[in-house]
Structures are given as C-alpha cells and as structure tokens.
Amino acid sequence: MPGVPELPEALARRIRLVRRDMGGLLFHFTRTPASPLRYTLPDGTDVASSASASSVLWKILREGTLLGTGTWTDGEECICFTEAPIHEFNSVFSLVELAASEEERPRYEPYGVAVPKEWLFRQGGRPVIYDHPDAAGGFRPEQRYRFVPYDPAAGIDFTWEREWRVRGRALRLDPRNALVVVPSAEEAFELVYGFSELVPEYDDQPFPTGAYHDPRWLAVSLDLFGLSWTEPLDR
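With the working numbering, letter number 35 in the sequence shown gets 21, and the count goes up by one each step, no holes.
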C-alpha cells in the first residue's frame, strides 16, 4: 500500500506485546449526570434511578445501546471511546478522590464498556485527529467530527485521552464483543447475574432437573487492577 512503511506481522505482534501503552480494547466510560435518570425500556417498563455513573451504566446495559452526544464534537453527534489501556486510566480515576471541587474532577468515572478495537473499526469508529485550532477549516465536512483542537502553547492538550469516535446518534452493543467495567468484584458479580437468563436443564428428561444462569454481559472489576473505589455505589 503506497505511503505505508513495511512492518512484518511477526514484528508487529512483538511490538504490541511489549508496548504497555497499547491494547486491543477501546473504553467508553460514564459519568454522573446532572439529574436523576428516568427512561422507558423497549418492553414499556418505566425506570427511575439516582444520578450516578453506575446508574448510567445500568441504563446502557438495559437498553443495549450507547447514545451519542455533540457536546464536545462541534454539534456532530458521536459516541466517544478512549484507547488508553485500563491500567493507565486507574490513575485518572484516582483524581476523583483528590478533587477539592466538582470542577477539578475528571469527567470519567470507573463505570463503562470496553469493545475490541477491530469491532469498533468495522462499525465506523476512527481515531480523532489532533491539530491546531486554525486547521479545523481544512477538514472535509465528513471528517470534521474527528477534529480535536490541539495547541500546547495555549494549554489545549487532550492527547492523553487517545480518543476514538463513531458518528451517529446511537451505537448498538454486541454482548459477544463487549466487556463491562465496574469498580468492584461485588458489582461485577451482581451485574453478570442481574442480567443473566435462567435456563432450565433437562438432562435427557422430559421435565427440568435443574437450571443455570446464561449471562448476557461479562464484567471485570477494577479492584483486580489495584484501584480502590470508596464512593457510594448506586444504580
């Protein structure tokens, strides 16, 4: 392919193995909303829950969908992800406990969904392009959603987010290509079983002889990575 340097596949695999700042997952983290959540599920059930990052995550999993926003994308609705490995984001989450005010808190909290990078690429996801604010006018209209201002001399630097974006109002999640992220093993256990379906076992009998839980979502807890989260947990 013109313009692409040669990189043998064996060497590419080794590079991915030794680079701690690279991974195969992209993360979409939630944050605490300004007001309590109220929404209606596809089956008509009305749900009311508290204003918390965990409540937002449960809403996402109940609906199976990530919703886009145009808040930081110049009005273009997008679903945003970060390429930063989870062990690096632990440090970002710890800033919540150090914040002296709401303004000092990072907008990410340790509740979210991870998807494979290759899967998101097939859905149209692309890494953003960091460039000087004056360069925005040079982007084609169909590519402007990827533009993020960058001017370190003026204190504008969001490159630490290593952001990816998918254009659109919503992105339907595939449970086979998703991993739910929560702070504690207790929450991971509750989530996996809370969304599981009880399936009867027959053992070659005409009547059920038992049952097992068939999980819809798989989850991982951040305390396995050494992060201790002490704020109240509520959904």
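Ideal placement from N, C-alpha and C gives every residue a C-beta, glycine not left out.
These figures come from a predicted structure and were not determined experimentally.
Where the alpha helix (DSSP H) through residue i begins and ends
| i | result |
| --- | --- |
| Y179 | 171 to 180 |
| V42 | 39 to 49 |
| R0 | -5 to 4 |
Run of the beta strand (DSSP E) containing residue i, from where it starts to where it stops
| i | result |
| --- | --- |
| I65 | 64 to 68 |
| F107 | Per DSSP, F107 belongs to no beta strand (DSSP E); it is in the alpha helix (DSSP H), 103 to 108. |
| Y116 | 115 to 117 |
| D32 | 32 to 35 |
| F133 | 133 to 135 |
| A205 | 205 to 207 |
| L165 | 165 to 168 |
Neighbourhood of residue i by C-beta distance below 8 Å, restricted to the same chain and skipping five residues each side
| i | result |
| --- | --- |
| C64 | G54, T55, G56, Y131, R151, V152, R153, G154 |
| T26 | D32, V33 |
| T51 | A156, L157, R158, L159 |
| A171 | S207, D209, L210 |
Coil, strand or helix - residue i by DSSP
| i | result |
| --- | --- |
| Y25 | strand |
| S87 | Note that S87 scores a pLDDT of 49, beneath 50, so its modelled location is shaky; the value from the coordinates is reported in the next line. Three-state result, S87: coil. |
| A100 | strand |
| T11 | In the sequence on display, residue 11 carries Leu and not Thr. Residue state, collapsed to three classes: strand. |
| L159 | coil |
| E147 | helix |
| P186 | strand |
| R130 | helix |
| I60 | Reading the sequence as shown, one finds Asp at residue 60 and not Ile. D60 falls in the coil class under three-state DSSP. |
| P218 | Residue placement at P218 cannot be trusted, given a pLDDT of 42 that sits under 50; what the coordinates show is reported in the next sentence. Coil at P218, not helix or strand. |
Residue i versus the options, residue with shortest Cα-Cα distance
| i | options | result |
| --- | --- | --- |
| S40 | L184, V166, L(-7) | V166 |
| G111 | P169, G(-11), L11, I1 | L11 |
| L210 | I1, H73, H14, W44 | H73 |
| D137 | E128, R126, A122, Q129 | A122 |
| V66 | P96, R48, R24, H14 | Position check: residue 66 holds Cys in this sequence, whereas Val was assumed. Among P96, R48, R24, H14, the Cα nearest to that of C66 is on H14. |
| E173 | L23, T16, A205 | A205 |
| W105 | L43, A(-2), D190, R162 | R162 |
| E176 | A139, S207, R148, D160 | S207 |
| E147 | G98, L3, Y94, T31 | Y94 |
| V168 | D7, L184, T51, Y97 | Y97 |
| P102 | E128, P127, T68, D117 | T68 |
| V134 | A20, V42, F144, V4 | F144 |
| V99 | F125, A20, T16 | T16 |
| I142 | P127, R(-1), D120 | D120 |
| V42 | A20, P28, G30, D29 | A20 |
Other residues of its chain near residue i: CB distance less than 7 Å, five sequence neighbours each side excluded
| i | result |
| --- | --- |
| Q109 | V152, L157 |
| G9 | P71 |
| P194 | P186, E187, Y188 |
| S182 | H199, D200, P201, R202 |
| P(-6) | none |
| R2 | M8 |
| K45 | L23, Y25 |
Proximal residues to residue i (C-beta, below 6 Å), its chain only, five neighbours per side dropped
| i | result |
| --- | --- |
| T59 | Y131 |
| A139 | none |
| E62 | G56, Y131 |
| P113 | W150 |
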